[in-house]
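Protein chains in written order, with my numbering: chain E, 1 to 504; chain F, 1001 to 1543. Working notes for the structure below.
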Amino acid sequence: MEENKLLESLSPIERKVLPHISGKTTLNEVAKKSDVDTTTALRALEFLKNKNLVSVDSSEKKLIVPGLNGIYYLKKGLPERRLLLALAEKKSVPLGELANVSDLNENEAKVSLGTLKKKALVEIKEGRAVLTANEKEIEKESLEEKFLKTLPREMDSLEPEEKLSLENLKSRKEIIEFKTEKIVTVELTESGKKISKEDLKEDLLEQLTPKIIASESWKGKKFRRYDITSPVPRIYGGKRHFVNQSIEYCKKIWTDLGFKEMEGPKADSSFWIFDVLFTAQDHPVREMQDTFFIKNVKAKLPNKKLVEETKKSHEQGVGGSKGWKYKWNEDISKKVVLRTHTTGLSAHTLANLKKEDMPAKFFALGKVFRNETVDWKHGFEFYQTEGIVVDENANFRNLLGYLKEFYKKMGFEKIKFVPSFFPYTEPSVEIQVWHSERKEWIELGGAGIFRPELTIPLLGKAVPVLAWGQGFDRIIMDAYKIKDLRELYSNDIKVLREKPFWSK
Amino acid sequence: MATLTISRKEFDKNVKLSGDISEKLMNAGIAVDTVNENEVILDITANRPDLLSVQGIFRHLQAYYGKEKGLKEYKVEKPEKNFKVIIDKSVKDVRPFTVCAIVKNLKFDEEKIKQIIDMQEKLHNTVGRNRKKLAIGIYPLEKITLPIKFEAKKPNDIKFQPLEFPREITGLQILSQHPTGRDYAKLLEGKNKFPIFVDAKGKVLSMPPIINSHETGKVSYDTKEVFVECSGFDFEVLQKVLNIIVTTLADLGGKIYAMELDYGKKVITPNLEPERMKLSLENANKLIGLDLTEKDLQNLLPKMGYDYSKGVVSIPAYRVDILHEVDIIEDVAVAYGYENLTPEIPKVATIGEESPISKLKNRITNILASVGLLEVSSLHLNTKDEIKKANYDFKDFVEVEQSKTEYNCLRIDLLTNILKIISQNSDATYPQKVFELGTVFGLDSKTETGIAEKERLAVGIVDESVNFTEAKQVLDYLFKMLGKEYSLEETENTNFISGRAGNILVNGKQIGYVGEIAPRVLKNWNINMPVVALELNIESLLN
C-alpha cells in the first residue's frame, strides 16, 4: 500500500502505540509508554505487523516472580520483619503473646522467632522474647527482603548472594514461584520508521454513526482506511443438509423429465418387497443375515385377487411363464421388513394405477436398508432412487433413451449399456458412465423392463414397465470428494457449517 | 454373484478375441471384473450357473464370437450293466431326490481337478443356496462297486472316514469334529436320519450335503471315470445342475453315460434333451423396439447357444434361467448387441411433480434455514439405551431381528438423535441450532404392516443462556410463514422441565411438544449446556 493510504488505515490504537517503538522495544514497554494494557498493545502490534510496519519477535524466558504469600509479604513485610517491628516497640513480650502483638498466626510467629534468634536480634529470657538488636540492626533490610523486592527477575541475572536468598525463600511456602514468560519485542521496519515520523495525530473518523450522519460532521474529514484483506470472525448460516441438497437436485431431474414422486412405507411386508416382485421365497435376500426383519409384527395382505395372482405367478407361472414351481407360503409374505429397495413403492403404485392414467411416469428417492456392519464403505441404510415408465407402447430402446437423458442430466455425457441380470427385469441392462476425473468406466445403475410375472398380477396384463434405479450415496460421495461413507451421516456440526452448497 | 478366474494363457488359447477384450466380454453378456496379461476375472450373475466353469464360458464365447453356433450336441450313452442307483424310501423326509450320471474317458490333471472342484463349490454357493437346496458329489468310479444305494440311516449307525480326516467316525461325530461338518452341521442337525450314498459292498461314498468319504469320494489325476450325483429337494433344478456338470465334463473330453434311478418307478438321468419354447417374432420386436425378420432370429439365437426354427426355440438342457419368452428375447437383444441399439426417447407428455410431503418438507427447510437453523440427517435405527436416555419408561420398541450392529430399534422420535448430535458436538461453537425432518416409527395394529410411520420435524437449540423463548420464537415464525395457526397448552412431560413444556395443538389436536429439556435428560447425554427443543408431526400441516 502507498504510504499515505497506509497512514489513513491506522486505527487509533495503532496510532497510539507506534510512536513508542524505537529500536528493540518490549511489549511491556510499549504498553506502558502508550498507556494501554498489554492485550491491546499486542493486538495493535499484530495489526502493524500485518501492515509490515513492525517486525515482532517473541522468545521465552524463565522468570522468578513473587508467589501468593510473596505478594502479601511485599505489601505487609515478611513475618520476621513484622515480629521484629513489634518487638522494637514493646522491647519484651511473653512468648504466648507474640502472635497477637505481631498480627501473625502461631506458626508464623514461631518460625519468625527462630529466624530472628539465629540472626541474634532477639533472645529468649524467662519465657519472654527480648529485643537485643540496636536501631541500625532493626532498620537493616535482610537479603531476602531485598531480593523479594527485585522480583520479577530472570533466572540468569542472579548474583551469588541473591541465589542464596532464592534458596531460602524457595523453601518457604508460596513466597516465590517460577514462570516462563513470553517476551515479545518489536522493532520498526523501514516503512514503519517512515510512518512513525508522520503526524499520527490526524483526526480520522472511525465507525460511521447515525449521529455523524445527522450532524454531517463527516464533512471535510477522512474515514480511517480499513485493511479489507484482514480476516474477520466467522459467521454460519442455516442450511439444508448437504445430502438433502443433492437429493433435491436429483428430484429436480426427475420432475423435469415428467416423473411424479412416489411415497410409501419404509417398513413394508415381504409381500410388497419380495413376493409381488417375483422374488422366490427361498432367495438369499430374504434371509435375516441380509435383511432387517421386524420382530413381533405380521402384515395384512392386500386384496385377495392380487395375492392369488402372485401365488400363481410363483407356483405355476402366469402369461406363459413356468413360474418357480414350489409351494408359495402366505405366512412368509406377511413378515415385515425394512425395505431393501424402493421398488416396493413402484409395486404399490402399479397396483393402484388406473388404466386411464397410462402412460405414466413415477420416481422415488429414499432410504433403503440392509443388515450390514458399518465401516468406511458399508452402512445399514443408504439412499436409492428409481423411476418407472408405464406405457403400453414402450420398448427396450425407449428405456435406453430415457437412461441416456437421465444420466446426461446427472452430469454423465459418456454412457454405455451392457447386458446384466436383475431378478425382476428382463431384458436387463447395466449403465456404465465415464468418470472424467478417474478416467474409467464405473457401474452406476441397473435397469430393465419388469417381467410379466410381476406386471400381470399388478396391472392385470403384461404392460411393459420400464424401470431403472441406483444407489445414490456414491454419487454424493463423489461430488463432495468424501472417501468414508460414515461421513454422510456423522452430523459433525463443524463440517456441516463449512460444507459448500451443492453446485451441480 | 460369483467370480470366475481364468488364466490369460488358457483364455487366449480357447477364445480368439482381438481388441478390447473387456468390452467384447461385456457385450456378450458376461460381467467383467478384471482383464490383464495374467488373468481374466469374470463376475457370473445368479441366473447363469452354467457359466460358472471355464468350459461354460468358452462354450458361450465360441458360440457368440466363434464358429460353434447353435445348440451344442451332447451324446448320452445308454446305461451299462449295474449303472443303477436305488433310492430307498428312508430318504424321503431328509433329502428326497438325487439325479446321477457316469462320465468316462476323462483325462484329469491338477489344474482340471481344481477347476472342477471350483465349479462344484460355486454351484453349491449359488444355485445350491449354500448346499441347502442341493449338493453335488463327484466320485472316482474305480473305487466304487455298482449299483449304488441312496438311503437314510441313524446318525450313529453311519460310520466312515470323511475326506481329509485321519480315521473313521460316525455321522453325528462328523458334524462336530470335521471342519466341513461343523460348517454345514445346521443342514442336518436335529434330523433322525442322515442320508448316505453306499456302494454294492456297503462302503459309504458320502453323507450329503456334508462330506464325501476319503476312500471312495476323492478324485485324483489318475481318475478316468467318475460317478456324479446331485441330491436335494427340487428334482428339476437337480437335473439342470447335473446337466451343467456333465456337459462341462464332456467339454473336457468325457463320455456321458446315463444311469437308471430306481424310485420304485424307474427314471433315467441325465436328460440332455433340449427344452422347446415358442417365441413370437412380433413380441420380440415389440419388446426390444426392433424390426427383425425370421432370418435375423435364425442368425441371432444360435449366437447364444440356441437353435431356432419356425417360431420354436430349442434351449440347452443346462440353462436354468429360461422361465418365459422374455428371457429368450433378452438373449436376442444381447446377440444383436446392446451397443447396436439406438436409444430413443418417445414423445410421451406427462407432468412431473414432487409429492405433497416432499414439497412441505422443502418449505419447512427453507423457512428454518432462513433463520439460521442447520439441517442434520440421522439414521433410522437407534439403540434401546439411546431411546431410554429421554423416554425413561418406553417399552413398545419396534425392534429388528439379528442386527449386525448395536442399532436394533427403529427410531420412535427425532428428539433422541437431535440430543445425540448435540452431545457429539460439544467442540463446535455455540449457539448450535439444528433441525431434522424424517420418519419415526411406532407399533400400531391398525395399519397394514402393524407399524405406523409418521413424518416429523424436530428442532434443537443449544446455548449458554437459551430458554423457552427461543424455541417458541422458531415455532411462531414457522407457523406464520406456513400461514398456519397453533396454540400451546401446558403439559407435564418428563423429558422437559416442569412448567416449561407445552403441547403444540393445531385445530385442537395435539401434533407435538416444545420445551426446555430436563437437566436429568441432558445429564444422560453428557450435555453441559441448556437445550430447548420441539418436535411435531408435519402431516397435519399439509394443505
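Each residue gets a CB set at the ideal place from its N, CA and C atoms; glycine is no exception.
Should residue i go down as buried or exposed, given a rule of 16 or more other Cβ atoms within 10 Å for buried?
i, result
"F:R1059", "buried"
"F:T1546", "Residue 1546 of chain F lies beyond the range of chain F shown here (1001 to 1543); nothing can be said about it."
"E:K494", "exposed"
"F:A1349", "exposed"
"E:P208", "The question names Pro, but residue 208 of chain E is Leu in the sequence shown. E:L208 should be labelled exposed."
"F:G1305", "buried"
"E:W218", "exposed"
"E:N50", "exposed"
Please compile the residues from chain E whose C-beta is within a distance smaller than 8 Å of the C-beta of residue i.
i, result
"F:D1327", "E426"
"F:N1543", "None at all; the shortest Cβ gap to chain E is about 16 Å."
"F:I1451", "P265, A267, I294, V297, V336"
Give me the Cα-Cα distance between residue i and residue j, rounded to the nearest whole angstrom.
i, j, result
"E:F362", "E:F422", "20 Å"
"E:R339", "E:E261", "17 Å"
"E:E430", "F:K1446", "41 Å"
"E:Q333", "E:F271", "The amino acid occupying residue 333 of chain E in the given sequence is Ser; Gln does not appear at that position. Spanning the two alpha carbons is a distance of roughly 4 Å."
"F:I1351", "F:L1368", "29 Å"
"E:H348", "F:P1049", "32 Å"
"F:D1109", "F:D1222", "8 Å"
"F:F1083", "F:N1047", "32 Å"
"E:D156", "E:V36", "29 Å"
"E:L466", "F:Y1407", "36 Å"
"E:E440", "F:K1295", "38 Å"
"E:E392", "F:E1330", "18 Å"
"E:A88", "E:K201", "57 Å"
Tell me which residue opens and which closes the beta strand (DSSP E) that residue i is part of.
i, result
"E:L365", "360-369"
"F:T1098", "1097-1104"
"F:R1500", "1496-1506"
"F:L1042", "1039-1044"
"E:K5", "Not the beta strand (DSSP E): E:K5 falls in the alpha helix (DSSP H), residues 3-8."
"E:R128", "128-131"
Give the range of the alpha helix (DSSP H) segment to which residue i is assigned.
i, result
"F:W1525", "Careful: F:W1525 lies outside any alpha helix (DSSP H) and carries neither H nor E."
"F:Q1055", "1054-1064"
"E:E413", "Where E:E413 is concerned, there is no enclosing alpha helix (DSSP H), given that its DSSP letter is neither H nor E."
"E:N100", "98-102"
"F:L1287", "1281-1288"
"E:A479", "473-479"
"E:H283", "No alpha helix (DSSP H) holds E:H283; DSSP gives it neither H nor E."
"E:A347", "343-352"
State yes or no: is the C-beta of residue i nearer than 7 Å to some heavy atom of the ligand HEM?
i, result
"E:G238", "Judged by which ligands are present, the structure shown has none, so any question about the ligand HEM falls away."
Here's a check: name, in chain order, each residue in its chain whose Cβ is nearer than 8 Å to the Cβ of residue i, leaving out the five neighbours to either side.
i, result
"E:L121", "L84, L131, T132, A133, E137, I138"
"E:L27", "T38, A41, L42, L45, I183, V184, T185, V186"
"E:K483", "W376, M477"
Determine the chain F residues that contact residue i at a beta-carbon separation under 8 Å, and present them in chain order.
i, result
"E:W434", "Those within 8 Å of E:W434 in chain F number zero; the least Cβ separation is about 13 Å."
"E:E437", "Result: empty, since nearest Cβ-Cβ is about 20 Å, beyond 8 Å."
"E:E309", "Residues of chain F passing the Cβ test: none, with the nearest at roughly 15 Å."
Name the chain F residues whose beta carbon is nearer than 7 Å to that of residue i?
i, result
"E:N244", "E1375, S1377"
"E:H241", "E1375, V1376, S1377"
"E:Y249", "In chain order: nothing, as chain F lies at least about 12 Å away."
"E:W502", "Going along chain F, no residue has its Cβ under 7 Å from E:W502, so there is no contact; the nearest lies around 13 Å."
"E:A360", "T1350"
"E:E108", "Those within 7 Å of E:E108 in chain F number zero; the least Cβ separation is about 42 Å."
Using a C-beta to C-beta distance shorter than 7 Å, which residues of chain E count as neighbours of residue i?
i, result
"F:I1412", "Within chain E, no residue comes near F:I1412; the closest Cβ sits about 13 Å away, beyond 7 Å."
"F:N1047", "F421"
Near residue i, what residues of its chain come up, given a Cβ to Cβ distance below 6 Å and the 5 sequence neighbours on each side ignored?
i, result
"F:Y1263", "I1087"
"E:V299", "The question names Val, but residue 299 of chain E is Ala in the sequence shown. Answer for E:A299: S269, K334, V336, listed in chain order."
"F:I1511", "I1504, L1536, N1537, S1540"
"F:V1474", "V1459"
"F:T1247", "Y1074, Y1318"
"E:K414", "W434"
Please work out which residues of its chain come closer than 7 Å, Cβ to Cβ, to residue i, disregarding the five sequence neighbours upstream and downstream, and give them in chain order.
i, result
"E:F47", "S11, E14"
"F:R1319", "D1050"
"E:K504", "Y249, G411, A479"
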